[in-house]
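Protein chains in written order, with the numbering used here: chain A, 1 to 232; chain B, 233 to 315.
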């Protein structure tokens, strides 16, 4: 069975939900610990949401220097699928695995909502099971989710199709070009602010037209990693 | 023990929502002396030994690599306290 690791950092909150989402997708969830230098032979890695180290210094900055992150950086360079969700996305930019940065929401408030997104790139390890241009709804909850980068970086990301997710209807945090998530050039490392792991089981996801709380648009993220690994 | 002070500010072209919120409070206080507020960070590094050129250089390197993120912030000064 495919093994997908979820790293728990001091202050991680969504590690258990991420493990659960991985099981829903049919893989084995492996708990990994920030202080280890051991990936326990996992095939893919999720950096979960939360407030590692209380967001001290900068969101994700201290966690990005955790012992296990040297193994994560090596694995990313080998092409292993790595997904950073929310605080995990912040760690990926602080670790320089993805470009740009995340700053406090432009309106100054924490935002928590079911967020509509467009999947703009379906060639990544975490989006290959979506149809191109798919519109999905998954929860979003952050205080520092404004994506920024210099003009040259933005132009490169847009030109290379590396904007993977874009906010629809509402830009909840002032992100440049409504960017919700991006990928690296190889497409194995993906980071986004919204939370796919909170939308993988009917009864526990966002509302849909069909019924309350039965949105499962997040499941395809994890199914995509399984598909990418089965081809590898 | 000597101290090296590092000041880090959000880049000038970026919105600083925290600073803006404080500026809004100034407005509500009726203060018209100040038109804007920007909030940055000050780090005080205690040096184990002399605050010599090598220590300042080490502080500067730390300021660029860990204490700030050049995508969103600028290191505006690195100096020995009291100098």
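Each residue gets a CB set at the ideal place from its N, CA and C atoms; glycine is no exception.
- Task: Compute the beta-carbon to beta-carbon distance between residue 144 of chain A and residue 171 of chain A, rounded to the nearest angstrom, for a pair I have assumed lies under 8 Å.
- Result: In the first chain, residue 144 of chain A corresponds to position 144, counting from 1. In the first chain, residue 171 of chain A corresponds to position 171, counting from 1. About 15 Å; that fails the 8 Å criterion.
- With distances taken from CA atoms, which of A/203, A/177, A/147, A/204 is nearest residue 159 of chain A? Numbered from 1 along the first chain, position 159 holds the residue referred to as residue 159 of chain A. Nearest of A/203, A/177, A/147, A/204 to residue 159 of chain A, Cα basis: A/177.
- Query: Of all the alpha helix (DSSP H) runs that stay within the bounds of the segment 36-115 of chain A, which reach a length of 4 or more residues?
  - Reply: 67-78, 87-94
- Buried versus exposed call for residue 261 of chain B [16 or more other C-beta atoms within 10 Å across all chains shown]: What you label residue 261 of chain B is simply residue 29 of the second chain in a count that begins at 1. Label assigned to residue 261 of chain B: exposed.
- Query: Which of the three DSSP states, helix, strand or coil, is assigned to residue 122 of chain A?
  - Reply: Position 122 of the first chain holds residue 122 of chain A. Coil, per DSSP.
- Cβ of residue 249 of chain B less than 8 Å from any chain A Cβ? As a working note, residue 249 of chain B is residue 17 in the second chain. Residue 249 of chain B counts as touching chain A.
- Item | Coarse secondary structure for residue 271 of chain B, derived from DSSP in three states | The residue given as residue 271 of chain B occupies position 39 in the second chain. Residue state, collapsed to three classes: coil.
- CB contact below 8 Å: residue 41 of chain A versus chain B: Counting from one through the first chain, the residue named residue 41 of chain A turns up at place 41. By this cut-off, residue 41 of chain A is not an interface position.
- Message: Against chain B, does residue 211 of chain A count as a neighbour if the rule is that its beta carbon must be under 8 Å from one of theirs?
- Response: Translated into positions along the first chain, residue 211 of chain A becomes position 211. It does not: the Cβ of residue 211 of chain A has no partner Cβ on chain B nearer than 8 Å.
- Short check: CB of residue 137 of chain A to CB of residue 217 of chain A, under 8 Å? Indexing the first chain from 1 puts residue 137 of chain A at position 137. Indexing the first chain from 1 puts residue 217 of chain A at position 217. Closer than 8 Å, so yes.
- Item | N- and C-terminal bounds of the beta strand (DSSP E) containing residue 200 of chain A | For this step, residue 200 of chain A is matched to residue 200 along the first chain. Looking at the DSSP string, residue 200 of chain A is not in any beta strand (DSSP E), and its letter there is neither H nor E.
- For residue 68 of chain A, return the contacting residues in chain B, with the cut-off set at a CB-CB distance below 8 Å. The sequence position of residue 68 of chain A within the first chain is 68, counting from 1. The premise fails here: residue 68 of chain A is roughly 18 Å from chain B at the closest Cβ pair, so nothing lies under 8 Å.
- Since residue 188 of chain A and residue 80 of chain A are thought to touch, with beta carbons under 8 Å apart, how far apart are those beta carbons, to the nearest angstrom? Mapped onto the first chain, residue 188 of chain A falls at position 188. Mapped onto the first chain, residue 80 of chain A falls at position 80. Right, their Cβ atoms sit about 6 Å apart.
- According to the Cβ coordinates, are residue 32 of chain A and residue 39 of chain A closer than 8 Å? Residue 32 of chain A sits at position 32 when you count from the first residue of the first chain. Residue 39 of chain A sits at position 39 when you count from the first residue of the first chain. Contact flag set, yes.
- Query: From what residue to what residue does the alpha helix (DSSP H) around residue 164 of chain A run?
  - Reply: Position 164 of the first chain holds residue 164 of chain A. Unbroken run through residue 164 of chain A is the beta strand (DSSP E), 163-167; no alpha helix (DSSP H).
- Task: Note down, in chain order, every chain B residue with its Cβ under 8 Å from the Cβ of residue 152 of chain A.
- Result: Stepping through the first chain from its first residue, residue 152 of chain A is reached at position 152. Those within 8 Å of residue 152 of chain A in chain B number zero; the least Cβ separation is about 12 Å.
- Query: Does the segment 81-97 of chain A touch the segment 193-208 of chain A, meaning 3 or more C-beta pairs lie closer than 8 Å?
  - Reply: yes
- Message: Cβ closer than 7 Å: which chain A residues qualify as neighbours of residue 313 of chain B?
- Response: Position 81 of the second chain, counted from the first residue, corresponds to residue 313 of chain B. Result: empty, since nearest Cβ-Cβ is about 21 Å, beyond 7 Å.
- Query: From B/315, B/314, B/298, pick the residue whose C-alpha is nearest to that of residue 93 of chain A; which is it?
  - Reply: The sequence position of residue 93 of chain A within the first chain is 93, counting from 1. Measuring from the Cα of residue 93 of chain A, the nearest candidate turns out to be B/298.
- Excluding the 5 residues preceding and the 5 following residue 291 of chain B in the sequence, name in chain order all residues of the same chain whose CB lies nearer than 7 Å to its CB. As a working mapping, residue 291 of chain B is identified with position 59 in the second chain. Excluding residues within five positions, the ones whose Cβ falls inside 7 Å are 236, 238, 277, 310.
- Message: Can you tell me which residues form a DSSP beta bridge with residue 8 of chain A?
- Response: Walking along the first chain from the start, residue 8 of chain A turns up at place 8. For residue 8 of chain A, which the question treats as bridged, DSSP gives the partners A/33.
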